[in-house]
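Numbering (the numbering used here), first residue to last: 891 to 1065. Think of the CB as a built atom: it goes at the ideal place given N, C-alpha and C, for glycine as much as any other residue. Please read these numbers as outputs of a predicted model, since none were measured by experiment. The next block holds one structure in the form of structure tokens; read it before the comments.
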Amino acid sequence: MPPEGGPERIVLVGFMGSGKSTVGRVLARRLSWGFVDMDERIEERTGRTIAALFKERGEAAFRAEELQAARELMATPRRVLATGGGAFAEPQTRGVLRDGAYTVYLQGSFEALSARVPDDGSRPLAADREIMRRLLQEREPFYRTADLTLDATEAPEVLAGRIVAAAFPEVGAAR
Ligand code: S3P
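Right, dumping it as structure tokens:
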């Protein structure tokens, strides 16, 4: 259950290709809240693309940046946050996000999600589809600990409506 009066933040979690950023933007507009894409925030902070960060400093450094970004972002209310696909699989980052926000998992099958992820090098962990398949399997149990699970293949507007109704059960219909 969301806290009485509704949550102060909503965090979207799920695998690459699940539409976290697209749905997050629609949701933020509907709530008149701010929207932050965690990967974009990390790129701004480090002055590097995610691909360059992985290459130059390694995945562990990227995960440390993610944790720091999650902590910072939990300090400001009325925000929708789209996480990177691995953030919620990291115990510390997951704890920070779960403590500070209403969390929503956008769930989809490997086939549906991988078809939406370009193999253009922008996502280092999407280059090998077998690794991707294994990652989704490993992460699924963590994603499932989110407060709400929705079908990622539904339209962004529909998903945003479902999130509002679940997070603000009393006022959902009015928003
Ligand atoms: C990652 C997903 C990416 C990005 C990075 C690592 C992952 O975010 O954070 O490439 O570990 O699954 P998206 O889920 O927005 O693609």
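Just to confirm, does residue i get its C-beta within under 7 Å of one of the non-hydrogen atoms of ligand 1?
i, result
"Leu1038", "no"
"Ile1021", "no"
"Met906", "yes"
"Lys910", "yes"
"Asp1009", "no"
"Asp929", "yes"
"Arg1013", "yes"
"Gly948", "no"
"Gly985", "no"
Residue i: buried (16+ other C-beta within 10 angstroms of its C-beta) or exposed?
i, result
"Gly948", "exposed"
"Asp1009", "exposed"
"Thr983", "buried"
So, are the CB atoms of residue i and residue j less than 8 Å apart?
i, j, result
"Glu956", "Ala977", "yes"
"Gly904", "Ala1042", "yes"
"Leu1069", "Leu1025", "It is not possible to answer for residue 1069, since the shown part of the chain is limited to 891 through 1065."
"Gly1011", "Ala941", "yes"
Does any residue of chain C have a CB that is nearer than 8 Å to the CB of residue i?
i, result
"Asp1009", "No chain C appears in this structure, which consists of one protein chain only."
Which same chain residues, not among the five before or five after residue i, have their C-beta less than 6 Å away from its C-beta?
i, result
"Phe925", "Gly914, Arg915, Ala918, Val970"
"Tyr873", "An answer regarding residue 873 cannot be provided, because it is not within the stretch 891 to 1065 covered by the chain."
"Glu1060", "none"
So, do the region 1038-1056 and the region 935-950 have three or more beta carbon pairs nearer to each other than 8 Å? Result no; under three Cβ-Cβ pairs closer than 8 Å.
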